[in-house]
Amino acid sequence: MADSVSISKIVKAVTDARARHPAPRLCVVGRGDGLARVVGVLSAGATDERGGVSSAVDALGPSDFPREPRLASRWDIVVVAAAGLPAAEAAPVVHAARRGGADVIGLVEGPGADLWIRSAGLFDDEVARGLGPDAEGRPTLEHRIVALAGDSAGALAASLPSVRRTYCDHVVIANAAQNGVIGAVVIIPGADMPAMTANQIRMVLKIAHAYGEDLGLDRALEILSVVGTGFVLRMLARQALDFVPWFGWAVKGAVGFSGTVALGQAAIAYFEAGAPLRVSRMQRINRQVERLTSRIPGPLKRLGTG
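Taken in order, the sequence shown gives residues 0 to 305; the numbers are from numbering that gives the first Met the number 0.
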């Protein structure tokens, strides 16, 4: 059958999602209330949090941060909290962290911070402008951490709930973008289904890992209950081609993107509720996605007949 899901692609998706990367070590450097606030926000909700600090986060004053590269190399990401910390004290920390091979992020909030950033020796892509769910500045510290953590971001999200939603949103958008491209460029009928479905499985497994769910083949089999979503997306794309044949490739890409986003957000909402992943629940998620994607053909039909 043309739309059958390739087992090899599913196995590869499970293997990719199960690839274990150690969580990066974080060190927050600052003074007083500024340091306490950053550590507290990052540690919020962590199961191993003691006294407001997670074991995944170290907190140091600027004079306590080692200047020797070998000692500074114990951390993967060093966050320098600007609040209450003079730039003259931050600069040696920034340089020492770089010499130790760590990535550096300066959390600089509020207006008039350009002078502090330059004096501390930070580059523009090393600066975060906000912290926490109510942060107005972009990019936030959570976004910078997830970007720098790379393949290790999932493990970090599992231990630090403060970066979990940022990581999961990143996973959803990345997989949705891939499915959008697949839907737009694959012209052989049915050829895009295995790749798009594998991406969806990989996405949901990564989200599960971020929420502390064990990953395995049994989980992958449960995820297969959402494969019907892929068939729905494929059906909508074909219908769209009938109505807008001149740019059907763009419609297929949009359907692949939006449908994957809907599935990812539904999965995040489910894990946020803290319930175990069961086939029956995933089938309900699938129906929710179907309802979301069922709205897509209407405007396209009107466009094609108008």
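Here a beta-carbon is modelled for each residue, glycine too, at the ideal position from N, C-alpha and C.
Query raised in the report: In this structure, what does DSSP give as the bridge partners for arginine 49?
Result: Counting from one through the sequence shown, the residue named residue 49 turns up at place 50. Arginine 49 pairs with Val52.
Can you tell me whether proline 85 is buried or exposed? The criterion is at least 16 other CB atoms within 10 Å of its CB, across all chains shown.
Here the question's residue 85 lines up with position 86 in the sequence shown. Classification of proline 85: exposed, given that the 10 Å Cβ count is below 16.
Which residue comes first and which comes last in the alpha helix (DSSP H) that contains alanine 156? Along the sequence shown, read from residue 1 onward, the residue named residue 156 stands at position 157. Element bounds for alanine 156: 152-158.
- Query: arginine 163: which of Ala90, Val79, Ala45, Asp63 sits nearest, CA to CA?
  - Reply: Taking the first residue of the sequence shown as position 1, residue 163 is located at position 164. Selected option, being the one with the closest Cα: Ala45.
task = Go through its chain and collect everything with a Cβ distance to arginine 19's Cβ below 8 Å, but skip five positions before and after it.
result = What you label residue 19 is simply residue 20 of the sequence shown in a count that begins at 1. Here the set comprises Ala154.
Alanine 176 versus Ile267, Phe256, Arg69, residue with shortest Cα-Cα distance:
The count along the sequence shown starts at 1 and reaches residue 176 at position 177. Considering only alpha carbons, the answer is Phe256.
(Q) Using a Cβ-Cβ cutoff of less than 8 Å, which residues in the same chain neighbour aspartate 57 once the five nearest sequence positions on both sides are dropped? (A) Locating residue 57 in the sequence shown gives position 58, counting from the first residue. Its chain contains Arg24, Leu25, Cys26, Val27, Trp74 as the residues whose beta carbon lies nearer than 8 Å to that of aspartate 57, once the 5 sequence neighbours on both sides are disregarded; these appear in chain order.
Start-end ranges of the beta strand (DSSP E) lying completely within the region 112-140, minimum 3 residues | For the region 112-140, not a single whole beta strand (DSSP E) run of length 3 or above is found.
**OP:** State whether the region 262-270 contacts the region 196-210, with contact taken as three or more CB pairs (one from each stretch) at a distance under 8 Å.
**Re:** Taking 8 Å as the limit for Cβ pairs, the verdict is that the region 196-210 does touch the region 262-270.
Roughly how many angstroms lie between the CA atoms of threonine 139 and isoleucine 181, to the nearest whole one? Within the sequence shown, residue 139 is the residue found at index 140, counting from 1. Within the sequence shown, residue 181 is the residue found at index 182, counting from 1. Taking the Cα positions, threonine 139 is about 30 Å away from isoleucine 181.
- Task: Would you kindly work out how many angstroms separate the C-alpha atoms of valine 107 and aspartate 123, rounded to a whole number?
- Result: Here residue 107 corresponds to residue number 108 of the sequence shown, with the count starting at 1. Here residue 123 corresponds to residue number 124 of the sequence shown, with the count starting at 1. The straight-line gap from Cα to Cα measures roughly 11 Å.
inquiry  = One question on the structure: do leucine 159 and leucine 59 come within less than 9 Å of each other, judged by their Cβ atoms?
reply    = Here residue 159 refers to the residue found at position 160 when the sequence shown is read from its first residue. Here residue 59 refers to the residue found at position 60 when the sequence shown is read from its first residue. Contact flag unset, no.
Give me, in chain order, the residues of the same chain whose beta-carbon lies closer than 8 Å to that of aspartate 15; leave out the 5 immediate sequence neighbours on both sides. Counting from one through the sequence shown, the residue named residue 15 turns up at place 16. Closer than 8 Å at the Cβ level, and outside the excluded window around aspartate 15, lie Arg201.
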